[in-house]
Structure formats: C-alpha cells, structure tokens
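**Q** In terms of our numbering, the sequence shown opens at residue 7 and continues consecutively.
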Amino acid sequence: MRRREFEVTDQKEIIRILDESKVLHLGMSDEGWPYVLPMNYGYTLEGGELILYLHGGMSGYKFEVIQKNPRVSFAMECDVEPFAGKVACQYGMTYFSLLGKGTAEIVEDVEEKKRGLSVLMRTQTGKEFAFDDKLASIVRVIKVTVSEYWAKNRPLPPAMR
Ligand SMILES: Cc1cc2nc3c(=O)[nH]c(=O)nc-3n(C[C@H](O)[C@H](O)[C@H](O)COP(=O)(O)OP(=O)(O)OC[C@H]3O[C@@H](n4cnc5c(N)ncnc54)[C@H](O)[C@@H]3O)c2cc1C
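Here it is as structure tokens:
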C-alpha cells in the first residue's frame, strides 16, 4: 500500500470488514491465466490466523484450477459510497477493503466440511446452522489458509468532510 495513512491495522475494523463484505473475489491462476470469481465466504480469525471457507456444487472449473494450483489471492470490500466533485478527477468512492493471499484446499474430511459450512453461514447470516453428513455430501468446501492480508480505508477527501 503506497499511502500508509489509508492502512487499517485495528483488529476491530478488520473484523468489521470481514463481517460486512459478504462477497469476495477469488483470484486463481490457470497456467498463467488469472481466473477471478465472486463467491460468498465464511471466516475464522483465531490467534491472528485467518481462514476462509467457500462452498460450491460438486463440480466446476474453479475446482480444477485450484487442484492444479492451490495458490490464490482474494479481495473484498464494504461501505462503498461514491462521492462527487467539481471536475472528473475529484470524483471517487469511499470504501473499506481487505486483500490477501493464501493456499486453497478442497476439504475432504466430513467433520471439517460441516464446520466450514457452519462458519460460512455464520458470516453470511449471523445465525448458527448445523449440517448433517447428507447436506455436506452434496457440496464441496474450499478452505483458504491465508498467509498474508492487508486492509485499507479510503475516506472522504478532507475538503469534502
Ligand atoms: C455475488 C455472487 C456470489 C456468489 N457466490 C458463490 C458461492 O458462494 N459459491 C459458488 O460456487 N458460486 C458463487 N457464485 C457464482 C460463481 O461466481 C461462479 O459462477 C460459480 O461458482 C461457477 O464457477 P466455476 O469456476 O465452477 O465455473 P463453471 O460453472 O465450471 O463455468 C465455466 C465457465 O463459465 C463462466 N463463468 C463461471 N462463473 C461465471 C460468473 N460468475 N460470471 C460469468 N461467467 C462465469 C466462465 O467462463 C467459466 O470458465 C457467486 C456469484 C456472485 C455474483
């Protein structure tokens, strides 16, 4: 991040971005070609370790790409609000965003799949859901162990506050 004054390091703000964004853009790489998908996610942040859980149907190109290359990046954002100016270059958007990279794996262990789905539903809805083996058997769960992440806030320019 070139403009350090925009960096967000407060853990409470980071958790708020993770709670509010709801959709992330998952960046994968298929033999050099970036492949980016919007997806819903769930997260855990324990002892500084960020884990993301994603889910999908039983097949799909994303699974093929991850199996070939588990290195992924992601971006998410919330509180996106446009602001106007007198000239074109004064227009912009305020936002909070979080970017990161990590390693993706397709979860095979049924108990971890169920846990991942509960985490996803908690992040998406704020409610607790339990999953049985049957429900877990009709979806695939992707776990992303995040190695690095960064958060940023773009506020209103001082002249507009
Ligand atoms: C807000 C939002 C949230 C979503 N949340 C989830 C989620 O939690 N889980 C989930 O599995 N999917 C989610 N989707 C759909 C997701 O983006 C993909 O469309 C889906 O997962 C299929 O991806 P795939 O790689 O398996 O493609 P496949 O179904 O194998 O499709 C193959 C081809 O179709 C095209 N394609 C695939 N997806 C898209 C797309 N979104 N837009 C345009 N073209 C596409 C591409 O050319 C791709 O190579 C969400 C989409 C949106 C917009």
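Using N, Cα and C, we set each Cβ at its ideal position, and we do this for glycine too. Note that this is a predicted model, so its numbers are computed, not measured.
#1: Inspect the CB distances between the segment 93-108 and the segment 117-134 and report whether three or more fall short of 8 Å.
#2: Would you kindly report the start and end of the unbroken alpha helix (DSSP H) that includes Ala142?
#3: With distances taken between CB atoms, is the gap from Arg146 to His61 smaller than 8 Å?
#4: Can you name the start and end residues of the alpha helix (DSSP H) that Gly122 belongs to?
#5: Throw me the rounded Cβ distance for the Ile20 and Ile72 pair, which I believe falls under 8 Å.
#6: How long is the line joining the alpha carbons of Val42 and Arg167, rounded to whole angstroms?
#7: From Gly66 to Lys107, what distance separates their C-alpha atoms?
#8: Once the 5 residues before and after Ala136 are set aside, which same chain residues still bring their CB inside 7 Å of it?
#9: What residue does the alpha helix (DSSP H) around Tyr97 start on, and which one ends it?
#10: What residue from Glu52, Val116 and Pro163 has the CA that sits closest to Phe89's CA?
#11: Hey, would you say Val29 sits closer than 8 Å to Lys158, going by beta carbons?
#12: Please output, in chain order, the residues near ligand 1 using a CB cut-off of less than 5 Å to any non-hydrogen atom of the ligand.
**A** Taking the coordinates as given:
#1: Counting C-beta pairs with one atom in each stretch, the segment 93-108 and the segment 117-134 have fewer than three that are closer than 8 Å, which means they do not touch.
#2: Per DSSP, the unbroken alpha helix (DSSP H) holding Ala142 starts and ends at Asp139 to Ser143.
#3: The answer is yes: Cβ separation under 8 Å.
#4: Counted as a single uninterrupted DSSP element, the alpha helix (DSSP H) harbouring Gly122 occupies residues Val116 to Thr131.
#5: For Ile20 against Ile72, the beta-carbon gap comes to about 25 Å, at or over 8 Å, which does not count as contact.
#6: Their Cα atoms are separated by approximately 35 Å.
#7: Computed Cα separation, rounded: 22 Å.
#8: Excluding five sequence positions before and after Ala136, the CB atoms of its chain that fall closer than 7 Å to its own CB belong to Ser124, given in chain order.
#9: No alpha helix (DSSP H) holds Tyr97; DSSP gives it neither H nor E.
#10: The shortest Cα separation from Phe89 among Glu52, Val116 and Pro163 belongs to Pro163.
#11: Not in contact: Val29 and Lys158 (Cβ atoms no closer than 8 Å).
#12: That gives Val29, Leu43, Pro44, Met45, Asn46, Gly62, Gly66, Tyr67 and Lys68.
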